[in-house]
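Read the structure below first, then the notes.
Protein chains in written order, with our numbering: chain P, 852 to 1310; chain C, 852 to 1310.
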């Protein structure tokens, strides 16, 4: 077999990169669990007809077929064909319906899994990637306060990553009710057309968007300017609400829906200012997702890496799932773990202190005495120290180089006698210091016990 | 959407079951890391031609197609078509070749991921399931001692699960060199035909196997009896080697290859008797895998659940991978995590002490005062206590039932004043005991802090 080459869009990491990813995943999991979210996993596949319920995602789906399956069978019942899930929301909604009788609502769950999308790969956009989702889903009703709580859980989770060198994040929030209430108050009824135009603001600029609003959303130039005015409102305090309210009054666009949305947005900004100062920013130009979310929407940028796009998005669905009898509203966010980790590694922000878990390499004096080295390793492991035994009874210099190449900080030399304590020695191969050591008592310093994930510019 | 039903062969767990699975995965990971194995993940897909290199697995492969892809494209270059991996060995071999320049050999890795096989689902046999693999791979050479070490790492990993109620395991070992050396010594040259016949022993019994050996492996009745004699040898000490040697001498079947294999098998049994007494058993009737492994082979049964089949299998490959210039031999084992966990849950052997991470539910007195409850929750979380806040300011009895339904052991009541310490109270809802508590000092007992995974017959 010739040396294989990577598949574009299917990222893989070397062991050191995986250590970084694993640390990110462990940190997220711990934060989610501290907030009382229960972990679940769902299967990778869903019936194709379920995946295609939102028509616009159909192009992204990978369809499965068993190699030996009759090719015609594929064209048969789309309810029996399977595809790989492209997010964790569709499977979670199905899981909630399937298991509703066994779950206690409101149900708080986190879910960390790979998802697949057959998109053209780009920087930060993959065909296979890991997501870390949290959602709260209610049976029948779900109070607004969860729309305040969930982005703050993510602020907590992403904030916990600051210690390893992850840049600060900014969570941008908007609210469907504010946008729709304002547009309807202006007299614009094709809300989705307005949102599609506003969504292009970053790409084409305000003049082109104004033209689009006139051409495609049926706006007058004055209405278009009002929409652009709303999109300019941004801030992390109650002033945001005042400005929108003033703008609405100016254009006679005040509605009940707008006021309801402003009350929600105001509550979110106020709570965030107290619990995660500087992280949450109301940004009324956020339009992505407003077509399917029904309340709050969230987008998250890494400060200094805004061009990467959102690394954590979500919102409120009034109908996450429904079985006819019961409707399940939900609110949730999803971290793009692969996008985040690929940037951390690619931009050289974060590193692991070594590429293997091993803290101690036990040297082997001769193959006949390998059992002595195995026994030392077992004794240290029993005390929680990660250890491996040298692959061969080579010269000690070569065994030390074996450790050095992997970043293993300590090499243990087994004494000549049959194991009396104090005859063994351990060498810190960084300093060269070698001291007598006993497997029953010796422990490496805490910072050497396991590989640590640290900012590149720190120790 | 009507209530969906499970897909046969694609297991999913309720949150409590997932807690059990997560605990199993965490325990395996910790053990692997204590033994110096570095974690990696590989993408879920491989080029179809790589997956089909072993022809006999072709029927199991799920092939991928993008929904919008030209249907004809599928019939084109099989090197560009993708399938889901059916094990973690094929992707690992490819990863080693692809990254050889960045890895240090011998390379020790663990890998825990889902795999997919389009097989007919049965008890313990799934279409999607999790595997936990360890392998050591060398560049050019790999000493035999790794064939001793790796099953003992698995014995350690599976032994660490005894604490939660996993039954003891028995690791059955055989060696290709012993089998092949013996058969060739007898004069039987179609070794694979002999192995195929011996593999049917459990199903059809010795008489039918003897007939098969005569009909399909070209054996005389005497040679067939000698093969059956070898298959009867089983034991956990050096006596095994003596018995095989005596049997070979009796039939004039002694060969150099046999002696080499017996030296290896003897070393494995001897080391195992010392380091994991009673776990490893040499069993010369094990034939599965001997057609592709080149040295040791391993199968593992749960004691009392032998009919479940092997939960941890593997062996030695002289050529795990090769790029023409370098050959990479490897030895490894794979735990069928889903098979194990589904038995633990299905047979009611193991349970979690609660279904959510939450140790404390902070009650809410009124929606206006929710911020006070949020602050209590944040203070407890900062000290490592998993906490959630009640969904609504319902009557306290209802809030306590909310905790009770989830197994949350404590409910926290926020004092009436503006937060002076000592005004808050915490209730253990199992005993009903309620005491004053301060967020800066109160901690639940260690056994209540996180959900624990325990044997069903224990607390």
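Quick reminder that beta carbons are idealized off the backbone N, C-alpha and C, glycines included.
Since the model is a prediction, treat every value here as computed from it, not as a measurement.
#### Entry: Residues of its chain near residue 1032/P, where Cβ-Cβ distance is below 6 angstroms and the 5 sequence neighbours each way are ignored
1106, 1108, 1109, 1112
### Task
Would you check if the distance between the CB atom of residue 993/P and the CB atom of residue 1181/P is smaller than 8 angstroms?
yes
### Task
Throw me the rounded Cβ distance for the residue 948/P and residue 1174/P pair, which I believe falls under 8 angstroms.
5 angstroms
### Message
Could you check whether the Cβ of residue 1291/P sits closer than 8 angstroms to any Cβ belonging to chain C?
### Response
no
#### Entry: Interfacial residues, the stretch 889–900 of chain C to chain P, with Cβ spacing under 9 angstroms
889, 890, 891, 892, 893, 894, 895, 896, 897, 898, 899
### Query
Is the beta carbon of residue 980/P less than 8 angstroms from the beta carbon of residue 1161/P?
no
#### Entry: residue 973/C beta carbon less than 8 angstroms from that of residue 893/C
no
### Task
Please name the residue, chosen from 1136/P, 1076/P, 1019/P, that lies closest to residue 1054/P on a Cα-to-Cα basis.
1136/P
### Task
Determine the chain A residues that contact residue 965/C at a beta-carbon separation under 8 angstroms, and present them in chain order.
Here the protein chains are P and C, and chain A is not one of them.
#### Entry: Beta carbon proximity, residue 1143/C to chain P, threshold 8 angstroms
no
### Query
Should residue 1209/C be flagged as near chain P, meaning a C-beta pair shorter than 8 angstroms?
yes
### Query
When the Cα of residue 1093/P is compared with those of 1069/P, 1118/P, 1075/P, 1070/P, which residue comes out closest?
1118/P
### Query
Is residue 1074/P buried or exposed, if buried means 16 or more other CB atoms sit within 10 Å of its CB?
buried
#### Entry: Beta-carbon proximity check, residue 1288/C vs residue 1279/C, cutoff 8 angstroms
no
### Proximal residues, the stretch 989–1013 of chain C versus chain P, C-beta separation under 7 angstroms
994, 996
### Query
For residue 897/P, is the classification buried or exposed, using 16 other Cβ atoms within 10 angstroms of its Cβ as the cut-off for buried?
buried
### Query
Roughly how many whole angstroms lie between the Cα atoms of residue 957/C and residue 913/C?
32 angstroms
#### Entry: Same chain, Cβ closer than 6 angstroms to residue 1290/C, neighbours up to 5 away in sequence not counted
1227, 1230, 1231
### Query
Looking only at DSSP bridge pairs, what is residue 1185/C linked to?
984/C, 1164/C
### Message
Let's test the definition: count the other Cβ atoms within 10 Å of the Cβ of residue 975/C and tell me whether it reaches 16, buried, or not, exposed.
### Response
buried
### Task
In angstroms with no decimal places, state the Cα-to-Cα distance between residue 1219/P and residue 996/C.
11 angstroms
#### Entry: Three-state secondary structure (DSSP) of residue 1255/P
helix
### Message
Below 7 angstroms on C-beta distance, what does residue 1206/C contact in chain P?
### Response
889
### Query
Does the beta carbon of residue 1167/C come closer than 8 angstroms to any beta carbon on chain P?
no
### Message
I need the straight-line Cα distance from residue 1085/C to residue 1258/P, nearest angstrom please.
### Response
43 angstroms
### Rounded straight-line distance, which links the Cα of residue 1138/P to that of residue 1167/P
14 angstroms
### Query
What number of angstroms, rounded off, separates the C-alpha of residue 990/P from the C-alpha of residue 955/P?
9 angstroms
### Query
What's the C-alpha gap between residue 1310/P and residue 1239/P?
With a pLDDT of only 45 at residue 1310/P, under the threshold of 50, the placement of this residue in the model should not be trusted, and no figure is reported.
### Query
To the nearest whole angstrom, what separates the beta carbons of residue 1029/C and residue 1131/C, a pair I think is in contact under 8 angstroms?
So it is not a contact: roughly 15 angstroms between Cβ atoms.
### Message
On the criterion of 16 or more Cβ atoms from any shown chain inside 10 Å, does residue 953/C qualify as buried, or is it exposed?
### Response
exposed
### residue 854/P in three-state terms, based on DSSP
coil
### Task
Note the first and the last residue of the continuous beta strand (DSSP E) segment covering residue 1212/P.
1211–1213
### Message
Less than 6 angstroms between C-beta atoms, sequence neighbours within five positions excluded: which residues of the same chain meet that for residue 891/C?
### Response
960, 962
### Task
Can you say whether residue 859/C is buried or exposed, counting buried as having 16 or more other CB atoms within 10 angstroms of its CB?
exposed
### Query
Does residue 853/C come within less than 8 angstroms of chain P when only Cβ atoms are used?
yes
### Query
For residue 1036/C, does the three-state DSSP call read helix, strand or coil?
helix
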